[in-house]
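Enquirer: Read in order, the letters of the sequence shown correspond to residues 1 to 143 in the UniProt record's numbering.
Even glycine gets a Cβ: it sits at the ideal position worked out from N, Cα and C.
One structure follows; several queries about it will come next.
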Amino acid sequence: MEAALKGAEFDLVLHMAAQPIVRASIEDPIATFSSNILGTAHLLQTLRKQPALKAVLVITSDKVYANAETGRAFTETDALGGKDPYSASKAAAEIVTQSFARSFFDKAQVPVATARGGNVIGGGDYSRDRIVADIVRAGQAQG
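Now the structure itself:
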């Protein structure tokens with residue numbers, strides 16, 4: 001990560017990179033943990049060396065909560081959990097982010113926050129088991 005970003009300067013970082021597929025996390029949990037937890041840690045470690053950095057926002061997932069299957073809506077203060085490797089990896093990424101924020105970024109007066117997104121999609125994101133992509137494919141199949 002450090003080599004890839006060498007020479008670049010950032011003032012604001014929005015971290016959305018991840019392995020986002022639950023089924024893929026079950027098929028290869030280590031790759032998911034590596035991408036979602038270690039990828040976040042490596043990025044934050046690299047960002048510690050950015051003198052122009054003003055803020056970091058790490059996007060995790062609405063799947064970070066300990067899900068008791070009660071049907072009750074989650075609140076921001078609900079406990080983190082991990083029903084599957086994807087959920088666990090995103091909850092762990094939040095803990096890693098909080099640790100970096102408190103240990104390093106607070107001292108440098110750089111605000112670091114997490115936000116929990118659901119069904120984030122970008123250009124070219126036609127992966128299997130992605131709700132938006134699946135809806136588009138279903139519509140195309142009927143058209």
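(1) Could you spell out the range, first to last residue, of the beta strand (DSSP E) harbouring threonine 60?
(2) Does DSSP put lysine 52 in a helix, a strand or coil?
(3) Confirm, please, whether the CB-CB distance from aspartate 84 to valine 22 is below 8 Å.
(4) To test your reading of the DSSP string, which unbroken alpha helix (DSSP H) runs of 4 or more residues are found completely within the region 1-30?
(5) Start and end of the beta strand (DSSP E) containing valine 112?
(6) When you compare only the Cα positions, how much space is there between arginine 72 and alanine 55?
(7) Between the C-alpha atoms of serine 87 and glutamine 109, what's the straight-line distance to the nearest angstrom?
(8) Using the rule of at least 16 other Cβ atoms within 10 Å of the residue's Cβ for burial, across every protein chain shown, is alanine 93 buried or exposed?
(9) Quick check: the region 47-67 against the region 8-17, are at least 3 beta-carbon pairs closer than 8 Å?
(10) Threonine 32 and glutamine 19: beta carbons closer than 8 Å?
(11) Since serine 34 and arginine 116 should fall inside the 8 Å C-beta cutoff, what is the C-beta to C-beta distance between them, to a whole number of angstroms?
(12) Along the alpha helix (DSSP H) that carries serine 99, what are the first and last residues, could you check?
(13) For the putative contact between histidine 42 and methionine 16, defined by C-beta atoms under 8 Å, what is the C-beta separation to the nearest angstrom?
Expert: On the basis of the coordinates in this document:
(1) Taken as a continuous stretch (DSSP letters only), threonine 60 belongs to no beta strand (DSSP E), as it is neither H nor E.
(2) First, the amino acid is wrong: residue 52 is alanine here, not lysine. DSSP places alanine 52 in coil when its eight states are reduced to three.
(3) yes
(4) 2-5 and 22-27
(5) 112-115
(6) 33 Å
(7) 30 Å
(8) buried
(9) yes
(10) yes
(11) Going by Cβ atoms, the distance from serine 34 to arginine 116 rounds to 21 Å, so no, they are not a contact pair.
(12) 85-100
(13) Wrong, their Cβ atoms sit about 15 Å apart, outside the cutoff.
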